[in-house]
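Shown next, in structure tokens, is the structure this report addresses.
Protein chains: 2
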Amino acid sequence: MFKKVLIVEDFQATHKGIVDTLSEKLKVKEIQEELYCDKAFTRLKVANANQVPFELLITDLSFKESHVERKLTSGEELIREARKLQPDIKIIVYSQVDNPAKIRALFQEYKINAYVCKGRDESLWLMNAVNAVHKNTTYVSPQINMATTDTIFELDDFDVQILKELADGLTKREIAAKFKQNKITPNSESTIDKRVSKLYDEFEAKNTTQLIAILTKIGLI
Amino acid sequence: MFKKVLIVEDFQATHKGIVDTLSEKLKVKEIQEELYCDKAFTRLKVANANQVPFELLITDLSFKESHVERKLTSGEELIREARKLQPDIKIIVYSQVDNPAKIRALFQEYKINAYVCKGRDESLWLMNAVNAVHKNTTYVSPQINMATTDTIFELDDFDVQILKELADGLTKREIAAKFKQNKITPNSESTIDKRVSKLYDEFEAKNTTQLIAILTKIGLI
DNA sequence: AAGTTCCTTACAGATATCTGTAAGGAATTC
DNA sequence: GAATTCCTTACAGATATCTGTAAGGAACTT
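Shown next as structure tokens:
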């Protein structure tokens with residue numbers, strides 16, 4: 072079993088539950104906890120420099136703002152930096168996000184090793200996740216239906232960029248102009264029209280407003 | 072101090088933290104826990120019928136779906152029913168929501184007694200909340216800025232109804248027709264135009280798309 | 001090299017949005 | 001009861017959206 076684990080999570084009350092699971096049931100010896108991404112990353116760096124690196128990182132995705140100034144403001148940023156620093160570290164994400172597309176993106180983009188969704192029976196899933204990751208396999212807690220086909224649309228960067236500008240209130244004409252200015256191609260109003268229309272089909276939206284509402288709700292933009 | 076408290080929260084790992092705070096620091100004797108709103112409500116009813124009612128209810132707002140069929144699917148519904156059953160029970164909401172408008176609505180609509188936002192130092196805030204409620208005052212954890220004026224716009228039911236239809240992809244013309252059919256007044260396309268335009272000013276949106284994006288993000292629709 | 005497919009772009013016509021102006025009715029003030 | 005204010009509604013003109021068609025270019029197939 073893992074010997075040295077770092078837990079990063081800003082819900083203090085949740086720490087105890089995780090630590091209990093790890094120490095009592097999984098007999099992990101050294102468990103460190105952090106409330107802030109920046110501090111957590113510092114710990115990773117120090118441990119690495121001292122050649123006693125962490126083997127497993129368990130982190131949430133969202134962290135509330137605070138008076139403390141932060142460089143890393145989200146779990147995703149922490150994961151990205153952790154991967155850069157220590158490519159072989161195991162990473163379990165532990166969050167309330169239950170959107171398959173988002174979770175799939177975490178596996179693809181950051182090569183996370185497991186995803187555990189907060190909720191009932193979470194300690195069981197966390198145990199399963201740790202065991203699976205220790206055996207070099209991946210794990211996703213069971214209530215996430217990764218097989219759902221209705222949300223696997225790949226939004227490429229270009230689409231996301233358009234959608235964010237639309238959500239920001241820009242017209243398609245303005246977006247085209249902005250893209251031209253920023254040398255982003257393609258950049259004709261027509262192409263942007265076409266791209267967005269294609270998204271209507273994929274997400275069964277009738278117009279831009281509904282499309283943005285749908286994507287905002289499932290957290291893709 | 073309170074003697075009999077019910078905690079309703081579907082994040083199992085969080086239970087331990089809350090229970091520790093209540094039992095060790097606040098010396099609460101009887102603490103019961105539930106993962107489901109329905110079961111929690113049953114407990115309230117039984118305790119009430121047996122004339123040993125709970126004095127304090129601490130509940131989350133959002134509960135993940137599960138295979139168990141549910142009547143009460145959210146903390147808000149549980150709170151509403153609890154208030155009906157036992158008007159004098161103290162209620163502390165413990166959730167990750169940090170939107171002042173939403174929290175204000177909880178105090179107004181359901182007469183909750185305190186609101187604690189999940190996050191760093193939450194156990195301290197929870198203690199403060201319990202103490203305050205015990206003294207018959209209200210409490211809101213400090214990182215929530217209830218004084219912010221930029222989110223206190225009162226969206227009346229009519230506005231919300233329009234916004235939901237827009238987010239559903241209906242055109243304003245269709246909304247007007249639907250309102251006429253359902254005998255909802257006012258119902259002219261023009262009035263709907265005007266209402267939405269007024270919301271642009273309030274939320275600093277340039278068009279419908281941005282307005283819906285803003286309101287969806289802060290969770291008002 | 002010709003054919004196919006896919007993407008980008010232009011353009012055009014039908015709808016929808018947004019922003020005014022203006023008129024009428026209800027409630028309130030004076 | 002006249003004046004004021006607020007809300008609803010109609011209408012009109014300028015933009016923006018949405019949906020086609022069509023042309024040209026790049027990449028790939030045959």
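Top line first, the protein sequences correspond to chains P and B. This note's numbering numbers the first residue of the first sequence as 72 and each following residue consecutively. This note's numbering numbers the first residue of the second sequence as 72 and each following residue consecutively. The beta carbon of each residue, even a glycine, is placed where N, CA and C say it ideally should be. This one's a predicted model, so the numbers in the text were calculated from it and none came from an experiment.
Using a Cβ-Cβ cut-off of 9 Å, residue 281(P) is close to 237, 238, 239, 240, 241, 283 of chain B, given in chain order. Assigned with DSSP and collapsed to three states, residue 130(P) falls in strand.
Take residue 230(P), set aside five residues on each side of it, and the residues of its chain with a beta-carbon closer than 7 Å to its own are 266, 270, in chain order. Contact annotation for residue 199(B) against chain P: no contact, minimum CB-CB distance about 14 Å [criterion: below 8 Å]. Listed along chain B is no residue with a C-beta nearer than 8 Å to that of residue 157(P); the closest approach is about 25 Å. For chain B, the residues of the segment 119 to 136 of chain P that bring a beta carbon within less than 9 Å of one of its beta carbons are 133, 134, 135, 136, in chain order.
Under the three-state reduction of DSSP, residue 162(B) is assigned to strand.
Distances from the alpha-carbon of residue 190(B) to those of 169(B), 116(B), 200(B), 209(B) put 169(B) closest. The beta carbon of residue 124(P) lies closer than 8 Å to those of 75, 115, 118, 157, 160 in the same chain, with the five residues before and after it left out.
For the C-beta of residue 89(B), the chain P residues within less than 7 Å are, from N- to C-terminus, 84. When 275(P), 174(P), 83(P), 195(P) are compared, the shortest CA-CA separation from residue 216(P) is found for 174(P). In this structure, 77(P) is the residue among 279(P), 77(P), 199(P) with its C-alpha nearest to the C-alpha of residue 103(P). Nearest neighbour of residue 281(P) by Cα position, chosen from 98(B), 233(B), 166(B), turns out to be 233(B). Shown here, residue 267(P) sits in a helix according to DSSP, grouped into three states. Straight across, the Cα-Cα distance linking residue 145(P) with residue 283(B) is about 25 Å.
Residue 165(B) is a Cβ neighbour of residue 131(B), given a cutoff of 8 Å. Of the other Cβ atoms in all chains shown, fewer than 16 fall within 10 Å of the Cβ of residue 120(P); this residue is therefore exposed. Less than 8 Å separates the beta-carbon of residue 112(P) from that of residue 153(P).
Apart from the 5 residues on each side of it in sequence, residue 105(B) sits with its Cβ closer than 6 Å to the Cβ of 79, 111 in its chain, given in chain order. Within chain P, the residues whose beta carbon sits less than 8 Å from that of residue 169(B) are 135, listed in sequence order.
Listed in chain order, the alpha helix (DSSP H) runs fully inside the segment 182 to 218 of chain B are 193 to 205, counting runs of at least 4 residues. With fewer than 16 other CB atoms across the displayed protein chains lying within 10 angstroms of its CB, residue 136(B) is exposed. Cβ neighbours of residue 94(B) within its own chain (closer than 7 Å, five residues either side excluded): 102.
Distance between residue 155(P) and residue 163(P), taken at the CA atoms: about 16 Å.
Residue pairing by DSSP places residue 75(B) opposite 101(B) in a beta bridge.
Using a Cβ distance threshold of 8 Å, residue 237(P) and residue 208(P) do not count as a contacting pair. Against chain P, a Cβ distance below 8 Å from residue 81(B) picks out 190, 191. In the DSSP annotation of this structure, the continuous segment of the alpha helix (DSSP H) that includes residue 120(B) starts and ends at 108 to 120.
Its chain contains 161, 162, 163, 204, 209 as the residues whose beta carbon lies nearer than 7 Å to that of residue 184(P), once the 5 sequence neighbours on both sides are disregarded; these appear in chain order. With 16 or more neighbouring CB atoms inside 10 Å of its own CB, residue 243(P) falls in the buried class. Leaving aside the five residues that flank residue 72(P) on each side, the residues in its chain whose CB is nearer than 7 Å to its CB run, in chain order, 97, 98, 99, 205. Counting the other Cβ atoms within 10 Å of the Cβ of residue 290(P) gives fewer than 16, which makes it exposed. The alpha helix (DSSP H) runs lying completely inside the segment 220 to 252 of chain B and spanning 4 residues or more are 228 to 238, 243 to 252, given in chain order. Per DSSP, the continuous alpha helix (DSSP H) segment holding residue 151(B) begins and ends at 146 to 156.
Residue contact with chain B for residue 202(P): absent (no Cβ-Cβ distance below 8 Å to any residue of chain B). CA-CA distance, residue 199(B) to residue 133(B), rounds to 23 Å.
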